[in-house]
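Report on the following structure.
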Amino acid sequence: MIVISEPKARSSEVVRGEIERQEEKARVVIRDAQIPEPRRRAFLIFRVGDADQVQSFCSLAKDADPRLDFIDFALKVHFKTENAEYVRHCISRRIEACSAVIIFIGKTTHDCEWVDWEVRESLRMKKALIAVKLSDEPSLRVPKVLKEHRIKPLPWSEDEIRRIILENAGS
Numbered sequence: 000m001i002v003i004s005e006p007k008a009r010s011s012e013v014v015r016g017e018i019e020r021q022e023e024k025a026r027v028v029i030r031d032a033q034i035p036e037p038r039r040r041a042f043l044i045f046r047v048g049d050a051d052q053v054q055s056f057c058s059l060a061k062d063a064d065p066r067l068d069f070i071d072f073a074l075k076v077h078f079k080t081e082n083a084e085y086v087r088h089c090i091s092r093r094i095e096a097c098s099a100v101i102i103f104i105g106k107t108t109h110d111c112e113w114v115d116w117e118v119r120e121s122l123r124m125k126k127a128l129i130a131v132k133l134s135d136e137p138s139l140r141v142p143k144v145l146k147e148h149r150i151k152p153l154p155w156s157e158d159e160i161r162r163i164i165l166e167n168a169g170s
């Protein structure tokens, strides 16, 4: 009996065909795969005394969109200290890494130099800026920088917070 073996070229064609089939399968998997949406970051501007209400906001926002991450720099450093320039540099980098900036307006927000600087830095970087009042008190004063740039603070309400997050934080 005579056995004729196939030439090696034939076996490489089989291997090549199998590789092509596997590549096509991989293309289909990649094409059909659901790519997860990227996480979104919001930089938070607030006075340390308002931290509890800011935490409430973050909880509500996470319920509305669990892909949100919040970055704050809760400052206990005076605006004009020796290391203030370094602190400003660190804050700038964090603002830069965010898609939106949220300023919380409390009783003493209007007279804080850090708040003013952070808002101006956010505007300079052309970040989406959202202002939220922490209460409906008529005595609540809006920071001058927000008035200058015609940024109207939104009222504190769970529905409004969810709407704000879903409409603005994803940019």
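In numbering that gives the first Met the number 0, the protein residues as written are 0 to 170. Ideal Cβ positions, reconstructed from N, Cα and C, are used throughout, including at glycine.
Check	Outcome
Distance, alanine 60 Cα to arginine 200 Cα	It is not possible to answer for residue 200, since the shown part of the chain is limited to 0 through 170.
C-alpha distance - glutamate 159 paired with isoleucine 44, whole-angstrom precision	18 Å
Member of Glu117, Gln54, Lys106, Ser58 whose CA lies at the smallest distance from the CA of alanine 83	Glu117
Inter-residue spacing [alpha-carbon to alpha-carbon] between alanine 96 and arginine 119	16 Å
Methionine 0, DSSP secondary structure in three states	Confidence in methionine 0 is poor, its pLDDT being 47 and thus under 50, which makes the residue's placement too unreliable to answer from.
Touch test, the stretch 127-145 against the stretch 103-114, Cβ-Cβ under 8 Å, three pairs minimum	yes
Limits of the alpha helix (DSSP H) - the one that isoleucine 94 falls within	83-95
Contact check, isoleucine 94 vs phenylalanine 42, beta carbons under 8 Å	yes
Distance CB(alanine 127)-CB(leucine 153) smaller than 8 Å	no
Cut-off 6 Å between Cβ atoms - residues of its own chain near lysine 125, not counting five sequence neighbours on either side	none
Rounded Cβ spacing between isoleucine 70 and arginine 92 (contact assumed at less than 8 Å)	That belief does not hold up - the Cβ atoms of isoleucine 70 and arginine 92 are roughly 10 Å apart, past 8 Å.
Span separating the alpha-carbon of threonine 108 from that of glutamate 136	14 Å
Rounded C-alpha distance that separates valine 47 from aspartate 110	13 Å
7 Å Cβ shell around valine 144 - same chain, five flanking residues per side excluded	Asp115, Val118, Arg119
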